[in-house]
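One structure below.
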Amino acid sequence: MQQDILINWSPQETRVAIVEHGAVQELHLERTLERGLVGNVYMGKVVRVLPGMQSTFIDIGLERAAFLHVADLLPSAAGVRGEGEPAQARPGAHGHGQVPIERQVFEGQAIMVQVIKDPIGTKGARLSTQISIAGRLLVFLPQDEHVGVSQKIPAAQREDLRRRLQALVGDAASGGGGGFILRTNAEDATDAELAEDIAYLRKAWARTKAAAQKLPPASLLHQDLDLLQRVLRDLVTEETQSIRLDSREQFDKLQAFGREFMPAATQKLQHYKGERPIFDLFSIDDEVAKALGRRVDLKSGGYLIIDQTEALTTVDVNTGGYVGARNFDDTIFKTNLEAAGAIARQLRLRNLGGIIIVDFIDMVRDEHRSAVLAELRKQLGRDRVKTTASGFSPLGLVEMTRKRTRESLAHMLCEPCAICRGTGAVKTARSVTYDILREILREARQFNPREFRVVASPKVVELFLDEESQHLAGLSDFIGKPISLQAESAMGPEQYDIVLL
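Sequential numbering of the sequence shown, starting at 1, is according to UniProt numbering.
What follows is the structure in structure tokens.
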């Protein structure tokens with residue numbers, strides 16, 4: 001499967017599209033103002049120690065001082081910067097019988113820390129001295145010697161994988177010091193892939209230590225990779241033919257980074273100089289617009305309806321106007337077969353995770369069901385995110401799970417509608433008029449104003465003046481008060497106010 005990676009860079013946003021055989025399969029984006037601080041490593045300076053709270057405030061160069069609790073302070077990390085290491089150990093215990101924080105740190109002290117929670121509102125960032133550096137397959141723990149396996153790996157496989165993977169990592173990491181945790185996606189990693197990730201993580205830690213010796217307190221020592229750098233680390237595969245980037249400045253920076261850490265991937269990097277915007281080459285913006293809609297049209301005339309909810313995502317397959325096959329059974333089979341490939345692509349493009357239920361069109365023949373399921377699993381096999389698909393249920397549904405790795409495309413680019421509040425439907429104007437009539441009657445029993453004034457959307461007011469005028473007049477006579485109307489174009493279809501005059 002030939003693959004091209006297109007990168008559109010601008011100061012406010014980086015967008016990455018993965019294209020296979022001319023069709024967009026994945027879209028990744030990162031916005032400059034929304035990029036968090038979690039994972040960043042700083043050389044901090046202790047500005048205040050609070051024995052009563054067993055906490056300390058640390059200046060890491062942000063607007064507000066960051067917060068470090070004694071539970072996140074490893075005794076091995078507390079101390080003044082030494083000659084060979086960023087921080088030297090002091091005697092102490094961690095956990096039960098913990099050494100008080102005032103005996104471990106002092107004002108003015110330089111200490112290496114990592115952000116574990118972004119600043120929120122008026123609260124500063126939350127810090128830890130347990131440094132960890134994430135790679136594609138592994139997490140490196142420079143202050144630890146432990147080698148472990150992610151608990152997210154299924155329990156049935158965990159012990160065998162633990163022994164096998166611990167041996168692989170132990171061999172590759174021997175003599176280098178530090179600990180490693182194998183991430184879930186390292187389940188099927190080869191020795192060469194693990195060794196490459198280990199080499200990258202050791203280089204990143206060496207650079208962090210070197211920066212700690214040179215830079216003053218409140219300096220950034222290590223930043224988790226941005227999207228451009230993660231392209232080289234995470235997205236490039238053997239099938240990748242080229243990586244085209246439309247910014248000369250970012251191309252030079254990424255090339256320098258790649259030469260040091262990922263030389264093989266960097267050889268595929270190209271600077272795109274074309275006059276057309278790079279995303280126009282494969283109509284990527286049009287594909288993104290389609291990926292935000294419910295309906296996906298198939299070439300045969302059939303279509304998918306995709307609905308994303310909190311609990312799960314549903315995909316409904318429909319024949320639409322497809323009448324190309326000799327008989328109805330073949331029409332259904334061909335539509336379902338095409339839908340299987342389209343569904344796998346939409347899951348990647350929209351980055352849908354969690355539970356996914358697919359309602360294929362009912363098929364009578366067992367061989368048709370088997371062929372559709374085989375095609376679905378084949379297409380899902382191209383997905384870098386772990387996806388599993390069960391067989392057809394008694395109701396004819398296929399249940400799937402896809403690992404959540406990041407926010408879905410819709411959640412990144414959209415927000416719930418302020419009018420329908422994400423339901424996708426609003427009350428009819430007539431329903432709103434009846435709500436208003438009931439509310440006026442309720443108010444009339446509690447208050448005695450001179451007049452009731454209804455402020456509502458133009459459509460609701462128009463209905464009151466036309467078809468519902470008799471009911472409005474009848475209510476006015478019943479309560480013995482005049483009811484006036486005022487149209488407000490800024491109001492949504494369900495919004496209204498009843499003003500007591």
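Where is the CB? At the ideal position from N, CA and C, for every residue including glycine.
Take residue i and list the residues in its own chain whose beta-carbon comes closer than 6 Å to its own, dropping the five residues that flank it on each side.
{"i": "R15", "result": "N8, L29"}
{"i": "T423", "result": "none"}
{"i": "R126", "result": "F67, I116, K117"}
{"i": "A487", "result": "P458, V461"}
{"i": "L485", "result": "V454, V461, F464"}
Under a Cβ-count criterion, where at least 16 other Cβ atoms within 10 Å of its own Cβ denotes burial, should residue i be classed as buried or exposed?
{"i": "G82", "result": "Residue placement at G82 is poorly supported in this model, since its pLDDT is 35, which falls under 50; the coordinates are not used for a value here."}
{"i": "H146", "result": "exposed"}
{"i": "K45", "result": "buried"}
{"i": "P416", "result": "exposed"}
{"i": "N327", "result": "exposed"}
{"i": "Y434", "result": "exposed"}
{"i": "K378", "result": "exposed"}
{"i": "residue 502", "result": "Not covered by the structure: residue 502. The range shown for the chain is 1 to 501."}
{"i": "D197", "result": "buried"}
{"i": "E159", "result": "exposed"}
{"i": "Q12", "result": "exposed"}
{"i": "R31", "result": "exposed"}
{"i": "Y496", "result": "buried"}
{"i": "S247", "result": "buried"}
Closest to residue i by C-alpha separation, out of the options, would be which residue?
{"i": "K299", "options": "V236, G320, F279", "result": "G320"}
{"i": "Q446", "options": "T313, T433, Y434, I479", "result": "I479"}
{"i": "G121", "options": "K209, E63, T313", "result": "E63"}
{"i": "E239", "options": "F57, V426, I5", "result": "I5"}
{"i": "V296", "options": "E193, A342, L312, D466", "result": "A342"}
{"i": "S370", "options": "S393, I356, G179", "result": "S393"}
{"i": "G124", "options": "A65, A210, N40", "result": "A65"}
{"i": "Y303", "options": "E338, G52, A265", "result": "E338"}
{"i": "A265", "options": "R345, V231, K253, L245", "result": "V231"}
{"i": "V398", "options": "K427, D359, E275", "result": "D359"}
{"i": "residue 503", "options": "R244, Q229, L33, L463", "result": "This structure gives no information on residue 503, because the portion of the chain shown stretches from 1 to 501."}
{"i": "T190", "options": "A155, A211, L409, L138", "result": "L138"}
{"i": "Q130", "options": "G39, A206, P51", "result": "G39"}
Please report whether the beta-carbon of residue i lies at a distance below 7 Å from any beta-carbon of chain B.
{"i": "Q346", "result": "No chain B appears in the structure shown, which is made up of a single protein chain."}
Going by DSSP, what residue range makes up the beta strand (DSSP E) through residue i?
{"i": "S390", "result": "387-392"}
{"i": "M412", "result": "Where M412 is concerned, there is no enclosing beta strand (DSSP E), although the alpha helix (DSSP H) it sits in stretches over 409-413."}
{"i": "G117", "result": "Note on residue identity: the sequence assigns Lys, not Gly, to residue 117. Segment 110-117, the beta strand (DSSP E) holding K117."}
{"i": "E399", "result": "397-402"}
{"i": "F140", "result": "138-141"}
List the endpoints of the continuous alpha helix (DSSP H) containing residue i.
{"i": "A66", "result": "It is not in any alpha helix (DSSP H) - A66 instead sits in the beta strand (DSSP E) that spans 66-69."}
{"i": "G341", "result": "328-350"}
{"i": "S370", "result": "366-380"}
{"i": "S469", "result": "469-479"}
{"i": "A425", "result": "Per DSSP, A425 belongs to no alpha helix (DSSP H) and is neither H nor E."}
{"i": "R207", "result": "191-214"}
{"i": "L465", "result": "458-465"}
Identify every residue that forms a DSSP beta bridge with residue i.
{"i": "E37", "result": "Note that residue 37 is Leu in the sequence shown here, rather than Glu. Answer by DSSP bridge pairing: none, since L37 is not bridged."}
{"i": "I245", "result": "Here residue 245 is Leu; the residue named in the question, Ile, does not match the sequence. Partner(s): I7, H271."}
Tell me which residues share the same chain as residue i and place their Cβ nearer than 7 Å to its Cβ, disregarding the 5 neighbours each side in the sequence.
{"i": "K214", "result": "none"}
{"i": "T388", "result": "M400, T401"}
Let me check you understand the geometry: is the CB of residue i closer than 6 Å to at least one non-hydrogen atom of the ligand FMN?
{"i": "Q54", "result": "This structure simply doesn't include the ligand FMN, nor any ligand for that matter."}
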